[in-house]
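Residue numbers (my numbering), protein chains in the order written: chain A, 1 to 251; chain B, 1 to 251. C-beta atoms are modelled at their ideal positions from N, C-alpha and C, and glycine is treated no differently. The structure appears below as structure tokens.
Protein chains: 2
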Amino acid sequence: MDSDPALLIRLLWRDQSTGAARQGRKQKLDLDTVISAGMALADSEGIAAVSMRSLATRLGVTPMSLYTYVPGKDELLELMLDAAYRDMPRPDFQPSEWRDRLRTIAYNNRALFLAHPWVAHIATVRPSLGPGQTAKYEYELSAFDGTGLDDVTIDDALTYLLTFVHGASRAAVTARQTALETALTDEQWGERHASLLARVFDDQTYPRAARIGAAAGQARGTAYDPDHAFAFGLERVLDGIAALFNSMPGA
Amino acid sequence: MDSDPALLIRLLWRDQSTGAARQGRKQKLDLDTVISAGMALADSEGIAAVSMRSLATRLGVTPMSLYTYVPGKDELLELMLDAAYRDMPRPDFQPSEWRDRLRTIAYNNRALFLAHPWVAHIATVRPSLGPGQTAKYEYELSAFDGTGLDDVTIDDALTYLLTFVHGASRAAVTARQTALETALTDEQWGERHASLLARVFDDQTYPRAARIGAAAGQARGTAYDPDHAFAFGLERVLDGIAALFNSMPGA
DNA sequence: TTCTTTGCTGTACACCGTATATTATACACC
DNA sequence: GGTGTATAATATACGGTGTACAGCAAAGAA
Numbered sequence: 001m002d003s004d005p006a007l008l009i010r011l012l013w014r015d016q017s018t019g020a021a022r023q024g025r026k027q028k029l030d031l032d033t034v035i036s037a038g039m040a041l042a043d044s045e046g047i048a049a050v051s052m053r054s055l056a057t058r059l060g061v062t063p064m065s066l067y068t069y070v071p072g073k074d075e076l077l078e079l080m081l082d083a084a085y086r087d088m089p090r091p092d093f094q095p096s097e098w099r100d101r102l103r104t105i106a107y108n109n110r111a112l113f114l115a116h117p118w119v120a121h122i123a124t125v126r127p128s129l130g131p132g133q134t135a136k137y138e139y140e141l142s143a144f145d146g147t148g149l150d151d152v153t154i155d156d157a158l159t160y161l162l163t164f165v166h167g168a169s170r171a172a173v174t175a176r177q178t179a180l181e182t183a184l185t186d187e188q189w190g191e192r193h194a195s196l197l198a199r200v201f202d203d204q205t206y207p208r209a210a211r212i213g214a215a216a217g218q219a220r221g222t223a224y225d226p227d228h229a230f231a232f233g234l235e236r237v238l239d240g241i242a243a244l245f246n247s248m249p250g251a
Numbered sequence: 001m002d003s004d005p006a007l008l009i010r011l012l013w014r015d016q017s018t019g020a021a022r023q024g025r026k027q028k029l030d031l032d033t034v035i036s037a038g039m040a041l042a043d044s045e046g047i048a049a050v051s052m053r054s055l056a057t058r059l060g061v062t063p064m065s066l067y068t069y070v071p072g073k074d075e076l077l078e079l080m081l082d083a084a085y086r087d088m089p090r091p092d093f094q095p096s097e098w099r100d101r102l103r104t105i106a107y108n109n110r111a112l113f114l115a116h117p118w119v120a121h122i123a124t125v126r127p128s129l130g131p132g133q134t135a136k137y138e139y140e141l142s143a144f145d146g147t148g149l150d151d152v153t154i155d156d157a158l159t160y161l162l163t164f165v166h167g168a169s170r171a172a173v174t175a176r177q178t179a180l181e182t183a184l185t186d187e188q189w190g191e192r193h194a195s196l197l198a199r200v201f202d203d204q205t206y207p208r209a210a211r212i213g214a215a216a217g218q219a220r221g222t223a224y225d226p227d228h229a230f231a232f233g234l235e236r237v238l239d240g241i242a243a244l245f246n247s248m249p250g251a
């Protein structure tokens, strides 16, 4: 990567400190317009449809002119990501149990991924230091107010929660897209290939997989149920965080 | 997607039932050679370097001839993924605590992602029904033998564990690649942009982010420590699964 | 030997991100 | 107000991608 990370940060924060005396041709658009158009395109057509050409066309501009707003496509995607974080709702936490507050955060993040599937493909747990992510971080940290956990443990616990939510939501988004592409429900799919799988899938070599896979599939009505996996996992995540309080000094 | 999912399954299981009477020109390679070459290329040059052209060149063949082995690139990647699962070590579980067995599984999966970073980008939690994934599933289910959990809960717990490991490992891989690309350590990076961030990052608007972010960064020596995040999260995952036993009927 | 089936090859299409050179525009200064 | 200069927008082009398609090469069947 030979791009300048400092430039990306300036763009993220919409920093215009350099360039006091403006001269030369005016820009037809502005950065936020480009970013918003990229998000709208990703929302409606999928992240794969976001190319510099298609985005430029949508903006009534030639592809290369986008490079006066953004150093390259990678940076544009990072800007889109931070804008998505920025736009997340951050309602005040009612005075409630920490468990409810963390659950709110989890579903809040999940909603983001489901509303903007492309975010699940781009996002990383690693902090990017943009204003959106920072505001999000601040808000989510506030859910731990009054828990008595020390600062470092709070950061660990939040990272843990977000790692799970991100992973589970990614799986949900992928499953949904696969279902759309295949245009077949799980049952149809299973029926159609049952004979092939019966020939090749041996209950003797995979006894547990056969038994448990069938049991789980029947219980959920599908081979993989992202909603249930999320709900189940989230409660385990909260149980795991709850165990932290038992090992607190002075608890 | 207009490709035939049944064909992919036949390829995954190396099914050659159709085509008893073979006629026509012999193939220069075979499917496993193509898959192995793809894996080797992804390992050494990164998944982005795996193109049908580069792979064909490496195999001494024209690009289009690969399409006699595989319907398309997507299917090739799925075959590579299942082969990676197939090749994972599956040592017998010593008679041990369930907690140790699940920890083994977690580190086993993490090792896969670190050894083959491209797997972290391709893998999904959703079952793909290939032989490698099936063998992996069977093995990992056996870690729950004797726990007394019911079948459906075992499947849920395993999915939960793998979701976390996948998410955390993905983050680790991404962080490692970012570090390589940037070719800067975190401290260098922070120093270089400290002035810009100081101007733009307001401790008053982000009090918790400033305090806790600094505390965590100082404790770990970096802005994001994937190894620590994994170790911390894994213990919380195990704590969360442990809580399942308290709610077991007859416990 | 001829037919038929299959694998391999060469070419081509539509796309991608973006480097480069050129033209159009807006302000600063004389 | 004209002119120089800085910036934005454009047109073109390069090297890459996955893969459709047409033709040629080889191997077993008749």
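Taking 7 Å as the threshold (beta carbon to beta carbon), is residue 62 of chain A in contact with chain B? no
Burial state of residue 245 of chain A, where buried means 16 or more other Cβ atoms lie within 10 Å: exposed
Rounded Cβ spacing between residue 5 of chain B and residue 224 of chain A (contact assumed at less than 8 Å): That belief does not hold up - the Cβ atoms of residue 5 of chain B and residue 224 of chain A are roughly 15 Å apart, past 8 Å.
Please decide whether residue 9 of chain A counts as near chain B, where near means a Cβ-Cβ distance under 7 Å. yes
Please return the same chain residues whose Cβ sits closer than 6 Å to the Cβ of residue 85 of chain B, not counting the five positions on each side in sequence. 132, 133 and 136
For residue 76 of chain B versus residue 130 of chain B, is the C-beta spacing smaller than 7 Å? Remark: C-beta atoms of residue 76 of chain B and residue 130 of chain B do not approach each other more closely than 7 Å.
If you draw a straight line from the C-alpha of residue 93 of chain B to the C-alpha of residue 157 of chain B, how long is it? 18 Å
Against chain B, does residue 2 of chain A count as a neighbour if the rule is that its beta carbon must be under 7 Å from one of theirs? Low per-residue confidence applies at residue 2 of chain A: pLDDT is 44, beneath 50, and the placement is therefore not dependable enough to give any value.
For a quick check, are the C-beta atoms of residue 276 of chain B and residue 56 of chain B less than 7 Å apart? Within the shown structure, residues of chain B are numbered from 1 to 251, placing residue 276 of chain B beyond reach of any answer.
Note the first and the last residue of the continuous alpha helix (DSSP H) segment covering residue 243 of chain B. 226-246
8 Å Cβ shell around residue 68 of chain A - same chain, five flanking residues per side excluded: 27
Can you grab the Cα-Cα spacing for the pair residue 159 of chain A / residue 229 of chain B, in whole Å? Note on geometry: alpha-carbon atoms of residue 159 of chain A and residue 229 of chain B lie some 7 Å from one another.
Would you mind sorting residue 1 of chain B into buried or exposed? The rule is 16 or more other CB atoms within 10 Å of its CB. At residue 1 of chain B the pLDDT is 41, less than 50, meaning the model places this residue with poor confidence and gives no usable figure here.
By the 10 Å Cβ neighbour count, where 16 or more other Cβ atoms means buried, how is residue 247 of chain A classified, buried or exposed? exposed
Please state the DSSP three-state secondary structure of residue 206 of chain A. coil
Simplified DSSP state of residue 181 of chain A, which is helix, strand or coil: helix
Going along chain A in order, which residues have a C-beta closer than 7 Å to the C-beta of residue 240 of chain B? What residue 240 of chain B touches in chain A: 236, 237, 239 and 240.
Residue 42 of chain A versus residue 237 of chain A - alpha carbon distance: 31 Å
Thinking C-alpha only, which one of A:146, A:149 and A:124 is nearest residue 172 of chain B? A:124
Alpha carbon to alpha carbon, how far is residue 146 of chain A from residue 226 of chain B? 27 Å
Just the chain B side, please: which residues come within less than 9 Å of residue 126 of chain A by C-beta, in chain order? 171, 174, 175, 178, 223, 224 and 226
Chain B contact residues for residue 110 of chain A, given Cβ-Cβ distances below 7 Å: In chain order: nothing, as chain B lies at least about 13 Å away.
Find the residues of chain A that neighbour residue 142 of chain B, judging by a C-beta separation of less than 7 Å, and give them in chain order. 208
Report the option in A:152, A:82 and A:31 whose CA atom is closest to the CA atom of residue 70 of chain A. Minimum Cα distance to residue 70 of chain A is reached at A:31.
Give a yes or no on whether the C-beta atoms belonging to residue 51 of chain B and residue 120 of chain B are separated by under 7 Å. no
Using the beta-carbon of each residue, which ones in chain B are nearer than 7 Å to residue 233 of chain A? 160 and 163
Does any residue of chain A have a CB that is nearer than 7 Å to the CB of residue 219 of chain B? yes
Compare the C-beta of residue 24 of chain B with all C-beta atoms of chain A and state if any pair is closer than 7 Å. no
Residue 116 of chain A by DSSP, collapsed to three states: which one? coil
For a quick check, are the C-beta atoms of residue 12 of chain A and residue 82 of chain A less than 7 Å apart? Cβ distance < 7 Å, so residue 12 of chain A and residue 82 of chain A count as in contact.
So, using beta-carbon positions, are residue 277 of chain A and residue 220 of chain B closer together than 7 Å? As shown, chain A starts at 1 and ends at 251. That puts residue 277 of chain A outside it, with no answer to give.
Can you confirm whether residue 121 of chain B, when its beta carbon is compared against all beta carbons of chain A, has any partner nearer than 7 Å? no
Consult DSSP for residue 2 of chain B and reduce its assignment to one of helix, strand or coil. At residue 2 of chain B the pLDDT is 44, less than 50, meaning the model places this residue with poor confidence; the figure from the coordinates comes in the next sentence. Coil.
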